Amino acid sequence: MICKRSLVRRTTAVGVASAAALVLAACGGDGDSADSSQHNGHGAGAGSSSASASPTTAQGKHNAADVAFAQGMIPHHRQAVEMADLAEGRARSAEVKKLAADIKRAQAPEIKTLSGWLTSWGEDVPAEGGMDHSLHDTGAMMTAEEMTELENASGTAFDTAFLKMMIKHHEGAVAMAKTEQADGASAAAVKLAGRIVTAQSTEIDQMNTLLGKN
89 MICKRSLVRR TTAVGVASAA ALVLAACGGD GDSADSSQHN GHGAGAGSSS
139 ASASPTTAQG KHNAADVAFA QGMIPHHRQA VEMADLAEGR ARSAEVKKLA
189 ADIKRAQAPE IKTLSGWLTS WGEDVPAEGG MDHSLHDTGA MMTAEEMTEL
239 ENASGTAFDT AFLKMMIKHH EGAVAMAKTE QADGASAAAV KLAGRIVTAQ
289 STEIDQMNTL LGKN
(Lines of atoms letter the chains of each structure in order from A; the text may use other names.)
(Lines give C-alpha, C1' and ligand atoms only; values in the text may rest on other atoms or scores of the structure.)
Protein backbone atom coordinates (compact mmCIF):
# COMPACT_ATOMS: atom_id res chain seq x y z
CA MET A 89 0.00 0.00 0.00
CA ILE A 90 2.80 2.38 0.81
CA CYS A 91 4.19 1.75 -2.65
CA LYS A 92 0.79 2.49 -4.32
CA ARG A 93 0.23 5.75 -2.40
CA SER A 94 3.68 6.87 -3.33
CA LEU A 95 2.89 6.32 -7.00
CA VAL A 96 -0.39 8.24 -6.84
CA ARG A 97 1.33 11.32 -5.44
CA ARG A 98 3.54 11.53 -8.48
CA THR A 99 1.57 13.32 -11.19
CA THR A 100 4.24 14.21 -13.71
CA ALA A 101 5.96 11.86 -16.08
CA VAL A 102 9.23 12.51 -14.34
CA GLY A 103 7.61 11.84 -10.98
CA VAL A 104 6.16 8.58 -12.16
CA ALA A 105 9.51 7.46 -13.51
CA SER A 106 11.22 8.38 -10.26
CA ALA A 107 8.61 6.59 -8.18
CA ALA A 108 8.87 3.50 -10.35
CA ALA A 109 12.59 3.43 -9.79
CA LEU A 110 12.03 3.73 -6.05
CA VAL A 111 9.42 0.99 -6.11
CA LEU A 112 11.75 -1.37 -7.91
CA ALA A 113 14.54 -0.62 -5.48
CA ALA A 114 12.36 -0.96 -2.37
CA CYS A 115 9.92 -3.66 -3.31
CA GLY A 116 11.83 -6.39 -5.04
CA GLY A 117 14.96 -5.24 -6.86
CA ASP A 118 16.92 -6.06 -3.73
CA GLY A 119 17.29 -9.75 -4.31
CA ASP A 120 18.46 -10.49 -7.84
CA SER A 121 20.09 -7.13 -8.52
CA ALA A 122 22.19 -7.17 -5.39
CA ASP A 123 23.21 -10.76 -5.89
CA SER A 124 24.06 -10.12 -9.53
CA SER A 125 26.06 -7.04 -8.62
CA GLN A 126 27.86 -8.95 -5.91
CA HIS A 127 28.72 -11.83 -8.23
CA ASN A 128 29.87 -9.49 -10.97
CA GLY A 129 32.01 -7.57 -8.55
CA HIS A 130 33.54 -10.76 -7.15
CA GLY A 131 34.16 -12.12 -10.62
CA ALA A 132 35.97 -8.96 -11.69
CA GLY A 133 37.92 -8.89 -8.49
CA ALA A 134 38.96 -12.51 -8.77
CA GLY A 135 39.90 -12.06 -12.40
CA SER A 136 42.01 -9.00 -11.64
CA SER A 137 43.69 -10.68 -8.69
CA SER A 138 44.41 -13.78 -10.74
CA ALA A 139 45.81 -11.77 -13.64
CA SER A 140 48.08 -9.74 -11.41
CA ALA A 141 49.26 -12.76 -9.44
CA SER A 142 49.98 -15.02 -12.41
CA PRO A 143 53.06 -13.21 -13.78
CA THR A 144 54.64 -13.12 -10.34
CA THR A 145 53.99 -16.80 -9.82
CA ALA A 146 55.37 -17.64 -13.26
CA GLN A 147 58.50 -15.53 -12.76
CA GLY A 148 59.24 -17.17 -9.42
CA LYS A 149 58.78 -20.74 -10.64
CA HIS A 150 62.05 -22.53 -11.38
CA ASN A 151 63.71 -25.91 -10.94
CA ALA A 152 67.16 -27.51 -10.85
CA ALA A 153 67.39 -27.48 -14.66
CA ASP A 154 66.92 -23.71 -14.70
CA VAL A 155 69.67 -23.26 -12.10
CA ALA A 156 72.04 -25.56 -14.01
CA PHE A 157 71.29 -23.68 -17.25
CA ALA A 158 72.05 -20.29 -15.73
CA GLN A 159 75.13 -21.43 -13.83
CA GLY A 160 76.52 -23.18 -16.90
CA MET A 161 75.67 -20.48 -19.44
CA ILE A 162 77.26 -17.61 -17.46
CA PRO A 163 80.88 -18.87 -17.69
CA HIS A 164 80.16 -20.09 -21.22
CA HIS A 165 79.04 -16.61 -22.30
CA ARG A 166 81.97 -15.02 -20.47
CA GLN A 167 84.39 -17.12 -22.49
CA ALA A 168 82.63 -16.21 -25.74
CA VAL A 169 82.96 -12.51 -24.85
CA GLU A 170 86.66 -13.07 -24.05
CA MET A 171 87.16 -14.72 -27.45
CA ALA A 172 85.27 -11.89 -29.15
CA ASP A 173 87.50 -9.31 -27.43
CA LEU A 174 90.57 -10.96 -28.98
CA ALA A 175 89.19 -10.50 -32.47
CA GLU A 176 89.32 -6.72 -32.34
CA GLY A 177 93.10 -6.56 -32.44
CA ARG A 178 93.96 -9.88 -34.06
CA ALA A 179 91.39 -10.65 -36.78
CA ARG A 180 92.12 -9.75 -40.38
CA SER A 181 88.64 -10.19 -41.82
CA ALA A 182 86.18 -7.34 -41.30
CA GLU A 183 83.40 -9.93 -41.31
CA VAL A 184 85.01 -11.84 -38.45
CA LYS A 185 85.45 -8.60 -36.51
CA LYS A 186 81.79 -7.72 -37.02
CA LEU A 187 80.66 -11.21 -36.01
CA ALA A 188 82.77 -11.00 -32.84
CA ALA A 189 81.25 -7.60 -31.98
CA ASP A 190 77.73 -8.99 -32.53
CA ILE A 191 78.46 -11.95 -30.23
CA LYS A 192 79.72 -9.65 -27.49
CA ARG A 193 76.78 -7.28 -27.85
CA ALA A 194 74.28 -10.16 -27.54
CA GLN A 195 75.89 -12.22 -24.80
CA ALA A 196 77.16 -9.59 -22.35
CA PRO A 197 73.61 -8.47 -21.40
CA GLU A 198 72.50 -12.11 -21.11
CA ILE A 199 75.19 -12.68 -18.48
CA LYS A 200 73.58 -9.94 -16.37
CA THR A 201 70.12 -11.43 -16.89
CA LEU A 202 71.22 -14.93 -15.90
CA SER A 203 73.08 -13.59 -12.86
CA GLY A 204 69.96 -11.67 -11.78
CA TRP A 205 67.85 -14.82 -11.95
CA LEU A 206 70.29 -16.81 -9.84
CA THR A 207 70.36 -14.07 -7.22
CA SER A 208 66.57 -13.89 -7.11
CA TRP A 209 66.41 -17.68 -6.76
CA GLY A 210 68.88 -17.63 -3.86
CA GLU A 211 71.49 -19.53 -5.89
CA ASP A 212 75.22 -18.88 -6.34
CA VAL A 213 76.39 -16.82 -9.30
CA PRO A 214 79.59 -18.31 -10.79
CA ALA A 215 82.60 -16.21 -9.85
CA GLU A 216 84.52 -14.29 -12.50
CA GLY A 217 87.20 -16.56 -13.91
CA GLY A 218 85.39 -19.61 -12.55
CA MET A 219 84.87 -22.48 -14.95
CA ASP A 220 82.54 -25.44 -14.96
CA HIS A 221 85.15 -28.05 -15.91
CA SER A 222 82.43 -30.57 -16.75
CA LEU A 223 81.64 -28.38 -19.78
CA HIS A 224 85.13 -29.00 -21.17
CA ASP A 225 84.33 -32.71 -21.38
CA THR A 226 81.28 -31.99 -23.53
CA GLY A 227 83.22 -29.67 -25.84
CA ALA A 228 81.02 -26.76 -24.79
CA MET A 229 83.99 -24.63 -23.71
CA MET A 230 87.51 -24.07 -24.94
CA THR A 231 90.39 -25.48 -22.90
CA ALA A 232 93.18 -23.27 -21.56
CA GLU A 233 95.43 -24.59 -24.36
CA GLU A 234 92.91 -23.64 -27.04
CA MET A 235 92.51 -20.15 -25.58
CA THR A 236 96.31 -19.74 -25.56
CA GLU A 237 96.43 -20.82 -29.20
CA LEU A 238 93.83 -18.20 -30.07
CA GLU A 239 95.64 -15.49 -28.11
CA ASN A 240 98.89 -16.22 -29.98
CA ALA A 241 97.31 -16.16 -33.44
CA SER A 242 96.78 -13.16 -35.70
CA GLY A 243 95.60 -12.32 -39.21
CA THR A 244 94.15 -15.10 -41.31
CA ALA A 245 95.39 -17.75 -38.85
CA PHE A 246 93.39 -16.05 -36.11
CA ASP A 247 90.29 -15.83 -38.29
CA THR A 248 90.40 -19.55 -39.02
CA ALA A 249 91.07 -20.55 -35.42
CA PHE A 250 88.40 -18.17 -34.11
CA LEU A 251 85.73 -19.45 -36.47
CA LYS A 252 86.48 -23.11 -35.78
CA MET A 253 86.51 -22.62 -32.03
CA MET A 254 83.44 -20.40 -31.95
CA ILE A 255 81.46 -22.89 -34.02
CA LYS A 256 82.31 -25.55 -31.45
CA HIS A 257 81.53 -23.10 -28.64
CA HIS A 258 78.14 -22.20 -30.14
CA GLU A 259 77.26 -25.85 -30.66
CA GLY A 260 77.81 -26.37 -26.94
CA ALA A 261 75.55 -23.43 -26.10
CA VAL A 262 72.82 -24.70 -28.41
CA ALA A 263 72.95 -28.13 -26.73
CA MET A 264 72.72 -26.55 -23.26
CA ALA A 265 69.82 -24.34 -24.36
CA LYS A 266 67.91 -27.27 -25.85
CA THR A 267 68.26 -29.14 -22.55
CA GLU A 268 66.76 -26.10 -20.79
CA GLN A 269 63.90 -26.00 -23.28
CA ALA A 270 63.12 -29.64 -22.51
CA ASP A 271 63.58 -29.64 -18.74
CA GLY A 272 63.28 -26.06 -17.45
CA ALA A 273 60.35 -24.73 -15.42
CA SER A 274 61.07 -20.99 -15.60
CA ALA A 275 59.16 -19.49 -18.52
CA ALA A 276 61.67 -16.65 -18.83
CA ALA A 277 64.66 -19.02 -18.83
CA VAL A 278 63.06 -21.34 -21.38
CA LYS A 279 62.30 -18.32 -23.58
CA LEU A 280 65.92 -17.14 -23.38
CA ALA A 281 67.08 -20.66 -24.24
CA GLY A 282 64.91 -20.52 -27.36
CA ARG A 283 66.50 -17.23 -28.42
CA ILE A 284 69.97 -18.70 -27.88
CA VAL A 285 69.15 -21.73 -30.05
CA THR A 286 67.84 -19.52 -32.86
CA ALA A 287 70.58 -16.86 -32.76
CA GLN A 288 73.55 -19.15 -32.33
CA SER A 289 72.35 -21.67 -34.91
CA THR A 290 72.16 -18.80 -37.40
CA GLU A 291 75.68 -17.68 -36.42
CA ILE A 292 77.01 -21.22 -36.85
CA ASP A 293 75.75 -21.18 -40.45
CA GLN A 294 77.33 -17.77 -40.96
CA MET A 295 80.67 -18.92 -39.52
CA ASN A 296 80.72 -22.05 -41.67
CA THR A 297 80.23 -19.81 -44.70
CA LEU A 298 83.08 -17.51 -43.60
CA LEU A 299 85.30 -20.51 -42.90
CA GLY A 300 84.77 -21.67 -46.46
CA LYS A 301 86.18 -18.34 -47.67
CA ASN A 302 89.44 -18.68 -45.72
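Heads up: the sequence shown begins at 89 in my numbering, then just goes up one per residue.
Note that CB positions come from ideal geometry on N, CA and C, so glycine has one too.
The structure presented is a predicted model; accordingly, all values stated were derived computationally and were not measured.
Within the same chain, and ignoring the five residues on either side of A287 in sequence, the residues whose Cβ sits closer than 8 Å to its Cβ are A194. For S181, there is no enclosing alpha helix (DSSP H), as DSSP marks it with neither H nor E. For D271, the enclosing alpha helix (DSSP H) begins and ends at G243 to D271.
Ranked by how close their Cα comes to the Cα of K192, the residues D247, D212 and E170 have E170 in first place. Here the region 233–247 does not lie against the region 275–293, with fewer than 3 beta-carbon pairs under 8 Å apart. Restricting attention to A188, A196 and M229, the CA atom closest to the CA of A263 is found in M229. For T236, the secondary structure class from DSSP, reduced to helix, strand or coil, is helix. Around the Cβ of A179, a 10 Å sphere holds 16 or more other Cβ atoms; the residue is buried. Counted as a single uninterrupted DSSP element, the alpha helix (DSSP H) harbouring A281 occupies residues A275 to K301. A contact is defined here as three or more CB-CB pairs under 8 Å, and the region 241–250 fails this definition with respect to the region 149–163. In this structure P214 is buried. Its beta-carbon is surrounded by 16 or more other beta-carbon atoms within 10 angstroms. Within the same chain, I162 and H165 come within 6 Å of I199 by CB-CB distance, once the 5 residues on both sides are set aside. Counting C-beta atoms within 10 angstroms of its own C-beta, G272 has 16 or more neighbours from the protein chains shown and is therefore classed as buried. Taking the CA atoms as reference points, V285 sits about 26 Å from S181.
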